[in-house]
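Student: For our numbering, count along the sequence shown from 1 and bump the result up by 37.
All C-beta atoms in this analysis are idealised placements derived from N, C-alpha and C, irrespective of residue type, glycine included.
I am attaching a structure below and will ask some questions about it afterwards.
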Amino acid sequence: MSTQLVALHKVQRRVAAIAFFAVAIHGVIGLIVVAHILVGQDRSSDATILILMSGAFAAVTYIGVRLILGKTLWAPAWIALAALPTIIAFFVVL
């Protein structure tokens with residue numbers, strides 16, 4: 038493979054990962070927003086479940102991006118960053 042094709046493939050993977058992330062992060066944030074609304078309606082247990090679901094969705098998003106990029110799944114800094122919205126939601130929303 039020529040170096041141009043290798044570079045093109047790398048750029049294509051990055052663009053695909055960014056597109057996947059941009060779509061998937063809406064699910065993570067959306068679940069947190071709905072949890073915030075449910076807390077206002079005195080439905081804390083439902084809000085807790087939604088926040089846990091946002092954590093699962095964040096994990097799937099993280100794994101998807103890492104697989105698209107062809108990188109190893111073990112990256113502690115990126116794992117912490119992926120979990121950050123859910124962790125913040127536990128303290129702010131609940």
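Are there 16 or more other CB atoms within 10 angstroms of the CB of A72, so buried, or fewer, so exposed?
Tutor: A72 comes out buried.
Student: Roughly how many whole angstroms lie between the Cα atoms of I139 and V102?
Tutor: In the structure displayed, the chain extends from 38 to 131; residue 139 sits before or after that span and is not available.
Student: Span of the alpha helix (DSSP H) holding A112?
Tutor: No alpha helix (DSSP H) contains A112, which DSSP labels as neither H nor E.
Student: Are there 16 or more other CB atoms within 10 angstroms of the CB of T123, so buried, or fewer, so exposed?
Tutor: buried
Student: Please look up how many angstroms separate the CB atoms of A61 and T98, rounded, as I've assumed it's under 8 Å.
Tutor: 4 Å
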